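Undergrad: The opening residue of the sequence shown carries number 9 in this note's numbering; numbering runs sequentially from there. Here a beta-carbon is modelled for each residue, glycine too, at the ideal position from N, C-alpha and C. Keep in mind it's a predicted model, so treat the numbers as computed, not measured. This structure is in structure tokens; I'll ask about it shortly.
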Amino acid sequence: VIPEAIGILPTPFSVLRQLKLKAWFSRNCIRGIKYLLENAINVEILRLEITRSMSSSTLGSSSIQTCCSKPVRYRYCRTTRHVRPSKLRKYWETDLLSAEINFRCLKLIEIHYVRGCANELEFLKFLLKNASILEKLTIFTSKERSHESEILLTSFSERLMAYPKASSNAEILFT
């Protein structure tokens, strides 16, 4: 719904202080999340739940399901086998997340059901790069665990922790 409405929606949501979203991490859904964040300039708390199910009770209308119908494809444990690193970089270097946005009020981010996918990492790097007064980023990992997923999440957390942050006081927690 959001990607189709970009450019049609009214002026920024200046009174919005908390934003809770449920979305897939497809390219279109990330574009919609980015649009909301660009126009909710005073958001202090962002809660994001990554959904994996196509059930109407989880996602709502069929137009949302159409928007978010592409599953996350690039996992770091499989990147070298299935996607060349240059192709993955090109995917993210488009205008999707390259714009500089100052989240001047964003203090708290919670992201639920993280599995360690490339899309999740790139989105979190985008937030860290642009949230200048961020105090805490809490990442709730997926409850579905295997040996492979543990390795993937370890690599994910190491990459995220090594990434520079706009806020020197930002604390990153994994649960």
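Taking Cβ positions, are LYS171 and LEU114 nearer each other than 8 angstroms?
TA: According to the sequence provided, residue 171 is Tyr. The question's Lys does not apply to it. It is not a contact, given that the beta carbons lie outside the stated cut-off.
Undergrad: Identify, in the order they occur along the chain, each residue of the same chain with its Cβ nearer than 6 angstroms to the Cβ of ARG55, setting aside the five sequence neighbours on each side.
TA: The residues are LYS28 and GLU118.
Undergrad: Mapping DSSP to helix, strand and coil, what is LYS151?
TA: Three-state result, LYS151: coil.
Undergrad: On the DSSP letters alone, give me the boundaries of the beta strand (DSSP E) that GLU179 sits inside.
TA: Its beta strand (DSSP E) spans residues 179-182.
Undergrad: Residues in the same chain with beta-carbon distance under 7 angstroms from TYR84, minus the five sequence neighbours each way, listed in chain order, please.
TA: Unreliable placement is indicated for TYR84, whose pLDDT of 41 sits below 50; the coordinate value is still reported in the next sentence. Contacts found: GLY124, ALA126, LEU160, SER163 and PHE164.
Undergrad: Assign VAL91 to one of three DSSP states: helix, strand, or coil.
TA: Note on VAL91: pLDDT 47, under 50, position unreliable in the model; no value is reported.
Undergrad: Could you tell me the boundaries of the beta strand (DSSP E) in which ALA31 lies?
TA: Counting along the chain, the beta strand (DSSP E) containing ALA31 begins and ends at 26-31.
Undergrad: Confirm, please, whether the CB-CB distance from PHE33 to GLU128 is below 8 angstroms.
TA: Yes; because the gap between Cβ atoms is below 8 angstroms, this pair is in contact.
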